[in-house]
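What follows is a single structure, written as structure tokens, with notes after it.
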Amino acid sequence: MAYLFYCSILIGIFANTLSLAQGSYTSTKRKLIWSDEFNYVGLPDAKKWNYETGFIRNQEKQYYTKADYKNVNVKNGNLIITARKERHKNAEYTSASINTLKKVDFEGDFRIEIRAKLPYGKGIWPAIWMMGTNIQEMKWPKCAEFDIMEFVGHTPNTIHANMHWWDAISTKPDRHSTSGSKTTVKNLHNKYHIYAMERKGENVRFFVDNLCYFNISAPSTAYKDSFSAPLYLMINTAVGGTWGGPVDDSIFPQRFLIDYVRAYSLK
Numbered sequence: 002m003a004y005l006f007y008c009s010i011l012i013g014i015f016a017n018t019l020s021l022a023q024g025s026y027t028s029t030k031r032k033l034i035w036s037d038e039f040n041y042v043g044l045p046d047a048k049k050w051n052y053e054t055g056f057i058r059n060q061e062k063q064y065y066t067k068a069d070y071k072n073v074n075v076k077n078g079n080l081i082i083t084a085r086k087e088r089h090k091n092a093e094y095t096s097a098s099i100n101t102l103k104k105v106d107f108e109g110d111f112r113i114e115i116r117a118k119l120p121y122g123k124g125i126w127p128a129i130w131m132m133g134t135n136i137q138e139m140k141w142p143k144c145a146e147f148d149i150m151e152f153v154g155h156t157p158n159t160i161h162a163n164m165h166w167w168d169a170i171s172t173k174p175d176r177h178s179t180s181g182s183k184t185t186v187k188n189l190h191n192k193y194h195i196y197a198m199e200r201k202g203e204n205v206r207f208f209v210d211n212l213c214y215f216n217i218s219a220p221s222t223a224y225k226d227s228f229s230a231p232l233y234l235m236i237n238t239a240v241g242g243t244w245g246g247p248v249d250d251s252i253f254p255q256r257f258l259i260d261y262v263r264a265y266s267l268k
């Protein structure tokens with residue numbers, strides 16, 4: 002069965018790198034290869050999910066806890082990541098970040114989709130994203146970063162999709178290059194939306210509710226195979242940091258609800 006997606010027009014940011022066509026986009030047949038429907042109660046399935054712990058990146062203010070039911074749990078058919086205002090070690094906030102590294106690799110041509118309700122408020126920064134499973138060997142940005150969905154509370158009703166990669170022509174010391182797009186979505190916090198990414202070869206498309214709003218192909222100057230290497234999935238809620246910005250303490254606790262995660266192979 003074919004699946005039809007409608008893509009918006011975007012302006013190319015890098016010549017010969019970013020290309021979108023107005024109208025429809027039809028993926029080929031797909032087959033479910035991995036999922037978590039969250040139809041259980043307790044902590045996330047340890048056969049599928051790992052944890053990041055502590056202070057990790059981007060000058061964020063939260064401490065990521067490990068397997069702490071207050072910050073991450075599964076009930077009522079949802080994975081729930083809760084960011085809290087509470088003192089923990091040297092932090093004033095706690096949250097959770099889970100990933101599939103060394104649990105499952107997403108290889109070749111695939112589609113991954115996540116149905117979710119987002120948290121809200123100034124300082125909140127939830128994300129659904131992927132990176133190369135070679136991150137420990139190659140490091141960032143050579144491993145590439147695929148941001149399926151990012152939301153920052155200081156910009157309501159807006160979601161972002163971004164790519165980060167190593168590029169030989171970048172003028173930055175670490176050769177970091179980035180490109181992305183954003184779109185307006187209503188009811189991000191009280192209704193579920195489906196966030197998805199499809200990769201075919203070295204072309205990547207990003208969707209919300211089957212609207213394709215960002216499409217990018219690997220430039221010839223990108224690190225070899227970084228757009229097509231095996232990936233792992235990450236889901237987290239950050240607080241503050243370089244993009245999250247100042248934090249409104251009155252908003253806590255904030256919950257990120259994920260109804261399901263499904264991955265499909267594309268034929």
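Numbering (the working numbering), first residue to last: 2 to 268. We treat Cβ as the ideally placed atom computed from N, Cα and C, and that holds for glycine.
Inter-residue distance for Gln63 and Leu80 is about 19 angstroms (C-alpha atoms, whole angstroms). Taking a contact to require three or more Cβ pairs closer than 8 angstroms, the segment 149-157 and the segment 108-127 qualify as touching. Distance between Lys173 and Leu234, taken at the CA atoms: about 27 angstroms. Separation of the CB atoms of Met164 and Thr179 is rounded to 7 angstroms, and the pair is thereby assigned contact status at 8 angstroms. The beta carbon of Asn40 lies closer than 7 angstroms to those of Gly78 in the same chain, with the five residues before and after it left out. When secondary structure is reduced to three states using DSSP, Ile170 falls in the coil class, being assigned neither helix nor strand.
Apart from sequence neighbours up to five positions away, the residues of its chain that approach Ile125 with a beta-carbon distance below 6 angstroms are Gly154, Gln255, ordered along the chain. If the five residues before and after Ala197 are omitted, its C-beta is found closer than 8 angstroms to the C-beta atoms of Arg112, Ile113, Glu114, Ile115, Ile149, Phe207, Phe208, Val209, Asn211, all from its own chain and listed in chain order. The segment 229-268 contains, as complete alpha helix (DSSP H) runs of 4+ residues, the segments 242-245 (chain order). Ranking Thr243, Asp168, Phe56, Ile195 by CA distance to the CA of His89 puts Phe56 first. DSSP, read as helix, strand or coil, puts Ile57 in coil. Counting along the chain, the unbroken beta strand (DSSP E) around Glu87 starts and ends at 79-89. In the DSSP annotation of this structure, the continuous segment of the alpha helix (DSSP H) that includes Glu138 starts and ends at 136-139. The C-alpha of Leu44 lies about 13 angstroms from the C-alpha of Thr83. Bounds of any beta strand (DSSP E) do not take in Gly202, whose DSSP letter is neither H nor E. Rounded to the nearest angstrom, the Cβ distance from Met139 to Leu232 is 13 angstroms, too far for a contact under 8 angstroms.
Within its own chain, the residues whose Cβ lies closer than 8 angstroms to the Cβ of Ala92, once the five positions on either side in sequence are excluded, are Phe56, Lys62, Gln63, Tyr64, listed in chain order. Taken through DSSP and simplified to helix, strand or coil, Arg176 comes out as coil. DSSP, read as helix, strand or coil, puts Glu38 in coil. Straight across, the Cα-Cα distance linking Trp166 with Thr222 is about 10 angstroms. Put simply, the backbone Cα of Val205 is about 32 angstroms away from that of Thr66.
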